[in-house]
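Below is one structure, written out as structure tokens, with a few remarks after it.
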Amino acid sequence: MNRITTYASYLALTVVISCSPAPEKIIMTVNGPISTSEMGTSLVHEHLLVDFIGADSTGYHRWVRDTVAERVMPYLKEIQQFKVSTLFECTPAFVGRDPLLLKLLSDKTGLNLVTNTGYYGAHGNKFIPEEFYNLSAEELSEIWVNEFMHGIEGSGIKPGFIKIAVDGTDRLSQEHLKIITAAALTHQQTGMVIASHTGPDKPAFAQIEVLQSHKIDPSAFIWVHAQRGSLEGNLKAARAGSWISLDNIDAGREPGTAFSMNWYASRILSIKEAGLLHRVLISHDAGWYSPGEEDGGNFRGFTTIFSELLPALLYLGFTQQEVDLLLIENPKKAYGLKKSS
Ligand SMILES: [Zn+2]
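Quick note on this note's numbering: the sequence shown kicks off at 1004 and runs consecutively.
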């Protein structure tokens, strides 16, 4: 190759590099990978089934998939009327995670459903399996990475994110330190984002610190139930690059009280005014079928964001583009995985 053609190829390469769009990202649904551009309106933290009986007693014998599917289906059809295409199901293993139920419901509705890997340490480790205590963070992470590489329990269905939970105490317990460390190691190997049921400020920053000690960017961390943290804490974490997940948006709260619709709208407005709306996720944290209760117990649907919160935000001057940021663009960025994974 002579010098001129070399230079020509250099120029051509420069053009390709400067014109190439951001690398395409995917999410891993229960039916395999899809491009984040296909996610559409997304609900990032909901539950279809939760079994609170405890890790020592839960299992697939506790419910009948077809019965659960029949009970859950109308709520999924309902969100499709609001153009929701993707729902992240946040029930972890040993709390009622059922990938095959999600696949059944995804096949029946056409919704993209995403399940998770990880353990739920909150509530004093009631939902942690016995073998956990004998495992190192590395060994724990191997279990989770294995689910990502090969699928969950031989189903071939892969998780799309890491869901963990820690107690809302000022310091992380040894067990919860192990859980966030295992999540960090799993993130490093898989790229999956870490959604951690957290609540107050102190455990949120304690977890972000653990990630930083592993040189993991704070954007790999979703502070779940950040509404239970202070506004200042939310802003600080968002500035650092973490995701602020304001969950449990519920029409049942008295106006003017904490966690009422107006409370959520004004928290989101404050974050927007600080220039950090691009770090906010919103969800109902609703549902769900409860095994052991008659007809699966009370089921809270997933539409309050559309029927109550969005009108409140629009009243406060939010634009459609800002609403789309909350429900389409931020979920893509938070949950998107590199295509190679
Ligand atoms: Zn939840």
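Even for Gly, the Cβ is constructed at its ideal location relative to N, Cα and C. Note that the structure is predicted; figures quoted are calculated from it, not measured.
Under the DSSP definition of a beta bridge, residue 1089 partners with 1045 and 1115. Inclusion of residue 1288 in the 7 Å shell around ligand 1 follows from its C-beta lying nearer than that to a non-hydrogen atom of the ligand. Beyond the five residues adjoining it in sequence on each side, residue 1341 comes within less than 6 Å, by CB distance, of 1194 in the same chain, given in chain order. By DSSP's assignment, residue 1164 forms a beta bridge with 1119. The shortest C-alpha to C-alpha distance from residue 1172 to any of 1146, 1151, 1159 and 1126 is the one to 1126. Of all alpha-carbon atoms in 1321, 1292, 1224 and 1122, the one lying nearest the alpha-carbon of residue 1337 is that of 1224. Within the same chain, Cβ atoms closer than 8 Å to the Cβ of residue 1325 are found at 1275, 1280 and 1316, the five residues on either side in sequence being excluded. Contact between the segment 1043 to 1060 and the segment 1282 to 1301 is present, with at least three C-beta pairs closer than 8 Å.
For residue 1048, the shortest separation between its Cβ and any heavy atom of ligand 1 lies below 7 Å. Counting the other Cβ atoms within 10 Å of the Cβ of residue 1110 gives fewer than 16, which makes it exposed. Runs of the beta strand (DSSP E) spanning 3 or more residues and lying entirely within the segment 1035 to 1081 occur at 1035 to 1038 and 1044 to 1049, in chain order. Take residue 1309, set aside five residues on each side of it, and the residues of its chain with a beta-carbon closer than 7 Å to its own are 1085, in chain order.
Assigned with DSSP and collapsed to three states, residue 1032 falls in strand. Distance from residue 1130 to residue 1097 at the Cβ level is roughly 5 Å; contact confirmed, criterion being Cβ atoms closer than 8 Å. The C-beta distance from residue 1237 to residue 1229 rounds to 5 Å, short enough to fall under 8 Å. The beta carbons of residue 1247 and residue 1241 sit about 5 Å from each other, so the pair counts as a contact at 8 Å. Scanning its chain for C-beta atoms nearer than 7 Å, with the 5 sequence neighbours on each side dropped, one finds around residue 1148 the residues 1189, 1192 and 1193, in chain order. Per DSSP, the unbroken alpha helix (DSSP H) holding residue 1146 starts and ends at 1140 to 1153.
Judged by beta-carbon spacing, residue 1284 lies within the 8 Å limit of residue 1334, meaning their Cβ atoms are closer than that value. Per DSSP, reduced to three states, the secondary structure at residue 1131 is coil, with no helix or strand assignment.
Contact fails between the segment 1149 to 1161 and the segment 1131 to 1138, because fewer than three Cβ pairs, one in each stretch, are under 8 Å apart. Taking 8 Å as the cut-off, the beta carbon of residue 1175 is found no closer than this to the beta carbon of residue 1221. If you draw a straight line from the Cα of residue 1033 to the Cα of residue 1268, it comes to about 32 Å. Residue 1150 counts as buried, since at least 16 other C-beta atoms from the protein chains shown sit within 10 angstroms of its C-beta.
Around the CB of residue 1318, fewer than 16 other CB atoms lie within 10 Å, so the residue is classed as exposed. When DSSP reads this structure, residue 1303 sits in a beta bridge with 1290.
Here the alpha carbon of residue 1081 sits roughly 17 Å from the alpha carbon of residue 1313.
Residue range 1283 to 1285 is occupied by the beta strand (DSSP E) that includes residue 1284. Around the CB of residue 1210, 16 or more other CB atoms lie within 10 Å, so the residue is classed as buried.
Taking each of 1089, 1301, 1072 and 1112 in turn and checking the Cα distance to residue 1104, the smallest one comes out for 1072.
Distances from the alpha-carbon of residue 1057 to those of 1087, 1117 and 1095 put 1095 closest. For residue 1262, there is no enclosing beta strand (DSSP E), since its DSSP letter is neither H nor E. With 16 or more other Cβ atoms from the protein chains shown falling within 10 Å of its own Cβ, residue 1179 counts as buried.
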